[in-house]
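Taking my numbering, I'd label the letters of the sequence shown as residues 28 to 150. See below for the structure under consideration.
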Amino acid sequence: MEQYDVVIVGAGPAGLFMAKELSKDFSVCVIEKNKIGETSKFWVVSNKNIKDNKLEDCVISKPHRCCYKDYTGKSIGGIIKDGNPIVDEHKVLKKWAEEAKRNRAVLRESTNFKKFIYKENNV
Ligand SMILES: Cc1cc2nc3c(=O)[nH]c(=O)nc-3n(C[C@H](O)[C@H](O)[C@H](O)COP(=O)(O)OP(=O)(O)OC[C@H]3O[C@@H](n4cnc5c(N)ncnc54)[C@H](O)[C@@H]3O)c2cc1C
28 MEQYDVVIVG
38 AGPAGLFMAK
48 ELSKDFSVCV
58 IEKNKIGETS
68 KFWVVSNKNI
78 KDNKLEDCVI
88 SKPHRCCYKD
98 YTGKSIGGII
108 KDGNPIVDEH
118 KVLKKWAEEA
128 KRNRAVLRES
138 TNFKKFIYKE
148 NNV
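This is the structure we're talking about:
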């Protein structure tokens, strides 16, 4: 039976970011029910986030004027001095997946996580 220090369910931005970080020190397996890198819900990222996470190569454009709607449907917009980076989310996810794989993390796609069972010191 395969054993890992960490099993991450979901290869969205949260799962893949944690996978690339945790795989530096732990054995990691990521389980994704769909294809890895196909989650496509995030695209606007702050300039600080781009810099901190070295995502410059994933930026598609940086419009200074941005207009979007919040969850109530209310429009929010404005002019952002340094531009509002829009990233290629597939590129970001692929980049993090590759980093995790380089650290020998195991990435399983098309695998639906259904349930876990508690055992002594294990799940
Ligand atoms: C319309 C919309 C617009 C958004 N715009 C922005 C934006 O501009 N900027 C921004 O920063 N954020 C934005 N967000 C928020 C952003 O999408 C989320 O914060 C982000 O996707 C959360 O990442 P996550 O990894 O936690 O979850 P998700 O991206 O939802 O990833 C979860 C993953 O888990 C997988 N999964 C689920 N259940 C199972 C299972 N049982 N077994 C295996 N795999 C499973 C799913 O297939 C999925 O790949 C937006 C969200 C929406 C809905």
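A virtual CB, placed ideally from N, CA and C, is assigned to each residue, including glycine. On a predicted model such as this, the values are computed, not experimentally measured, just so you know.
C-alpha gap between residue i and residue j, whole angstroms
i, j, result
"VAL133", "LEU49", "12 angstroms"
"ILE113", "GLY104", "15 angstroms"
"ARG135", "VAL34", "11 angstroms"
"THR138", "LYS89", "36 angstroms"
"TYR95", "ASN148", "46 angstroms"
Residues of its chain near residue i, where Cβ-Cβ distance is below 6 angstroms and the 5 sequence neighbours each way are ignored
i, result
"ILE106", "HIS91 and ARG92"
"GLU59", "ALA38 and GLU136"
"ASN130", "SER50 and LYS51"
"LYS47", "TRP123, GLU126 and ALA127"
Contact set for residue i: own chain, Cβ-Cβ below 7 angstroms, skip 5 residues either direction
i, result
"LYS121", "GLY64"
Bridge-paired residues (DSSP) for residue i
i, result
"ASN149", "LYS146"
| Does the stretch 54-64 come close enough to the stretch 92-103 to have 3 or more Cβ pairs within less than 8 angstroms? | Because the criterion of three Cβ pairs below 8 angstroms is not met, the stretch 54-64 and the stretch 92-103 do not touch.
| request: Check each residue's C-beta against every heavy atom of ligand 1 and list, in chain order, those closer than 6 angstroms. | output: Here the residues come out as VAL36, GLY37, ALA38, GLY39, PRO40, ALA41, GLY42, ILE58, GLU59, LYS60, ASN61, THR66, LYS68, PHE69, TRP70, VAL71, VAL72, ASN139 and PHE140.
| query | Is there contact here, the stretch 31-46 with the stretch 83-95, by at least three beta-carbon pairs under 8 angstroms? | reply | no
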